[in-house]
Amino acid sequence: MTSAAEKPETLQFERDGVRLEVDGAVAVVTLANPSKRNAQNFAMWRALTEAGRTLPGSVRVAILKGEGASFSAGLDRQAFTPEGFEGEPSFIDLARSTDEELDAAIAGYQEAFTWWRRPDVVTIAAVQGHAIGAGFQLALACDLRVVADDVQFAMRETSLGLVPDLTGTKPLLDIVGYSRALEICATGRYVHADEAVRIGLANIAVPRAELDAAANDLAAALLAAPRD
């Protein structure tokens, strides 16, 4: 009989469109706002940051996925309206701030993306449907990517007069090289599953119905590898 001390550590956390579930060595972080295709906002970024800080020391693999038809359609466009989100600065407000204030705000938002590269945890993005802009950058924040055959990656920031400043350009450059990364970012075109695998953006592409199982299988394979 397994004693309480030997049982895998479990944890549940849910707030602002982010759900964290931990079972022993595996954590699953889910973007849980499917009605808006998991569009991102400031509160979601804070919740993602908190999820990373909450991970128990037992976790060795973290899977990031999106609930519903799309992984993440990118930044919630409400952020670009004059009213923005209640109780939050809009991007119009941020544009009027000092350079120091803007740098501090962006650095805070980036924390939702940077913790996925911490050295003690291998991170896997399970990506289906749209992964646009901030959604693409969040998938790029992970070490590995398993994609569904309907995936559509795109850096659409250029169509809004923005740069992809949520830490996604460096991993994209590392994965596909300078020329390809520049072309993907500057044109904002879609990258589909077959190309994503071919250029190394995705490790594997599977039918949509098999995405969760493929991510779980990869997590199990990582945990099964000898650590000594």
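In my numbering, the protein residues as written are 985 to 1212.
Just so you know, even glycine gets a beta-carbon here, dropped at the ideal spot from N, CA and C.
Candidates the options: closest to residue i by CA position
i, options, result
"Trp1099", "Ala1035, Arg999, Tyr1162", "Ala1035"
"Ala1053", "Asp1134, Leu1202, Pro1148, Asp1201", "Asp1134"
"Gly1117", "Gly1145, Glu1005, Glu998", "Gly1145"
"Ala1204", "Leu1156, Phe1026, Thr1107, Gly1050", "Thr1107"
"Phe1097", "Cys1169, Gln1024, Ala1199", "Gln1024"
"Ala1177", "Glu1051, Pro1148, Val1002, Phe1137", "Phe1137"
"Thr1170", "Pro1148, Lys1154, Val1190, Pro1155", "The residue asked about is misnamed: residue 1170 is Ala in this sequence, not Thr. Here the closest residue by C-alpha is Pro1148."
"Arg1211", "Asp1104, Phe1075, Ala1046", "Asp1104"
"Arg1129", "Leu1156, Met1028, Thr1065", "Leu1156"
"Met1139", "Phe997, Lys1154, Gly1119", "Gly1119"
"Ile983", "Ser1143, Arg1192, Val1190, Ala1198", "Outside the displayed range of the chain (985 to 1212) lies residue 983, so it cannot be described from this structure."
"Val1111", "Glu1085, Glu998, Gly1041, Ala1197", "Ala1197"
"Arg1021", "Leu1004, Val1013, Gly1113", "Gly1113"
Reduced DSSP category for residue i - H, G, I as helix; E, B as strand; rest coil
i, result
"Glu1005", "strand"
"Ala941", "Nothing can be reported for residue 941: it is not among the residues displayed for the chain, which extend from 985 to 1212."
"Glu998", "strand"
"Ser1042", "coil"
"Ser1019", "helix"
"Gly1058", "coil"
"Leu1048", "strand"
"Ala1189", "strand"
"Ala1204", "helix"
"Ala1035", "helix"
"Ala1218", "No answer is possible for residue 1218: the residues shown for the chain start at 985 and end at 1212."
Any non-hydrogen atom of the ligand GTP within 7 Å of residue i CB
i, result
"Arg1080", "Summarising the ligand content, the structure contains no ligands, and the ligand GTP is consequently not present."
Length of the line joining the Cα atoms of residue i and residue j
i, j, result
"Val1010", "Leu1039", "10 Å"
"Leu1202", "Ser1081", "44 Å"
"Leu1185", "Val1160", "7 Å"
"Thr1151", "Gln1094", "7 Å"
"Leu1207", "Val1043", "10 Å"
"Val1006", "Arg1102", "17 Å"
"Leu1078", "Ala1180", "34 Å"
"Glu1067", "Leu1059", "16 Å"
"Val1012", "Asn1200", "10 Å"
"Leu1004", "Gln1121", "20 Å"
"Arg1192", "Tyr1174", "18 Å"
Cutoff 8 Å: residue i Cβ touching any chain B Cβ
i, result
"Gly1184", "The question asks about chain B, but that chain is absent: this structure has only one protein chain."
Test item: CB-CB of residue i and residue j under 8 Å
i, j, result
"Ala1123", "Ala1109", "yes"
"Ile1183", "Arg1164", "yes"
"Glu1051", "Ala1016", "yes"
"Val1002", "Ala1046", "no"
"Cys1126", "Leu1048", "yes"
"Ala1063", "Ser1074", "yes"
"Ala1115", "Ser1019", "no"
- Starting from the N-terminal side, write out each stretch of the beta strand (DSSP E) that is 3 residues or longer and does not extend beyond the region 1063-1147. Fully enclosed beta strand (DSSP E) runs of 3 or longer: 1106-1111, 1114-1116, 1128-1132, 1136-1138.
- Task: Give, in chain order, every unbroken run of the alpha helix (DSSP H) that is at least 4 residues long and sits entirely within the region 1142-1179.
- Result: With a minimum length of 4 residues, the continuous alpha helix (DSSP H) runs that stay inside the region 1142-1179 are 1153-1160, 1162-1171.
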